[in-house]
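Input: a single structure, listed below in structure tokens.
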Amino acid sequence: MEEIAKNQIPIVILCGGRGTRLKEETEVIPKPLVKIGDKPVLWHIMKIYKTYGFSKFILPVGYKGEKIKEYFYNYPVFQNDFTIKLCDFSKKEINLHNPKVDDWEVTIVDTGLEAMTGARLKKLERFINTDLFMLTYGDGVSNVDLDQLLNYHLEKGKMATVTGVRPPARFGELKIDGDNVASFQEKPQVATGFINGGFFVMKKDIFKSLPDKESLSLEGDVLPQIAAKGELSVFRHDGYWQCMDTLRDVEFLNEEWREGKAPWKIWQ
0 MEEIAKNQIP IVILCGGRGT RLKEETEVIP KPLVKIGDKP VLWHIMKIYK TYGFSKFILP
60 VGYKGEKIKE YFYNYPVFQN DFTIKLCDFS KKEINLHNPK VDDWEVTIVD TGLEAMTGAR
120 LKKLERFINT DLFMLTYGDG VSNVDLDQLL NYHLEKGKMA TVTGVRPPAR FGELKIDGDN
180 VASFQEKPQV ATGFINGGFF VMKKDIFKSL PDKESLSLEG DVLPQIAAKG ELSVFRHDGY
240 WQCMDTLRDV EFLNEEWREG KAPWKIWQ
């Protein structure tokens, strides 16, 4: 496999789902735009990748995808104070007060309302021009070491590598000593077992095994098939990982951000 500069490796972030368990938020915006602090969770994910030198992103959108298009089309304005001359609006002369913005290349691809995750990936084939690419979900943050993940994938030489994570428990854990609580830990990690935490690395050759059908599921069809062939390796991550699946998760992530306890914030 030819050596690829990290800033040329495409990072696919799946952004097309409906986010039905976050209905209160996603009736207006797509799930990846639900905010942690004053920025969308999608922004946080992209900042994680950029910290490791990855800056080329491909976003397959679906449900309310126009909102994601608007966000990035207007990104410099959203990130800045600005001055606009309303007396000659036809020229739309805008002066940004802090013109420096994130050095990202973002390709947004409309993959339809009903496509499943595997189908959305298949529709990106023409945009992947390197031997490998990385992929994750638009609703999960982590302090996973992406350099180690990439090197591990190259070392194993499999078709794909998935990051296995230990999920946090849904409720706080009490350790009891007699009638007293000896310790209390909010949302501790589950001690045993790994789950799919996203943060994949994949060979471009995976597209050869993806049929062109809307019902193709990455999790239900593609990954089980390559695992059965011995072509799916796992990168074990024992550190922080948290998805934004429910309103409780949104509140938890925002609380961590407000209190300065966000382990996924690895950037300055």
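FYI, the numbering for the sequence shown is 0 to 267, going by numbering that gives the first Met the number 0. Don't be surprised by glycine CBs; every beta carbon is placed ideally from N, CA and C.
- The beta carbon of residue 92 is closer than 6 Å to those of 84 in its chain, skipping five residues each way along the sequence.
- About 6 Å separates the CB atoms of residue 116 and residue 216; that is less than 8 Å, so the two are in contact.
- Here residue 62 is near residue 16, since their CB atoms are less than 9 Å apart.
- The Cβ-Cβ distance between residue 127 and residue 56 does not fall below 9 Å.
- Along the length of the region 10-51, whole alpha helix (DSSP H) runs at least 4 residues long occupy 22-25 and 40-50, reported in chain order.
- Within its own chain, the residues whose Cβ lies closer than 6 Å to the Cβ of residue 58, once the five positions on either side in sequence are excluded, are 12, 14 and 107, listed in chain order.
- Taking the Cβ atoms as the reference, residue 133 lies roughly 15 Å from residue 231, outside the contact range of under 8 Å.
- Measuring C-alpha to C-alpha distances from residue 196 to each of 243, 8, 208 and 69 identifies 243 as the nearest.
- When C-alpha distances from residue 255 are compared across 35, 70, 130 and 52, the shortest belongs to 35.
- Sequence-distant partners of residue 160 (beyond 5 residues in either direction) whose C-beta falls short of 8 Å from its own C-beta, in its chain, are 148, 151, 152, 199, 200, 201, 231, 232, 233 and 234.
- Taken through DSSP and simplified to helix, strand or coil, residue 256 comes out as helix.
- Shown here, residue 72 sits in a helix according to DSSP, grouped into three states.
- Membership of residue 227 in the alpha helix (DSSP H) is indicated by the continuous run 222-227.
- According to the DSSP assignment, residue 151 belongs to the alpha helix (DSSP H) that extends over 145-155.
- In the displayed model, residue 159 falls within a strand according to three-state DSSP.
- The C-alpha of residue 47 is placed about 22 Å away from the C-alpha of residue 76.
- Taking C-beta atoms under 8 Å as the contact rule, residue 135 and residue 60 fail to qualify, at a distance of about 15 Å.
- About 6 Å separates the CB atoms of residue 140 and residue 241; that is less than 8 Å, so the two are in contact.
- In the DSSP assignment, residue 119 falls within the alpha helix (DSSP H) that extends over 116-121.
- Excluding the 5 residues flanking it on each side, residue 193 has same chain C-beta neighbours closer than 8 Å at 163, 164, 165, 233 and 235, in chain order.
- Annotation for residue 59: the continuous beta strand (DSSP E) segment containing it runs 55-60.
- Annotation for residue 203: 127 and 130 place their beta carbon closer than 6 Å to its own, counting only its chain and skipping 5 residues before and after.
- Judged by DSSP secondary structure, residue 240 falls within the beta strand (DSSP E) whose first and last residues are 240-242.
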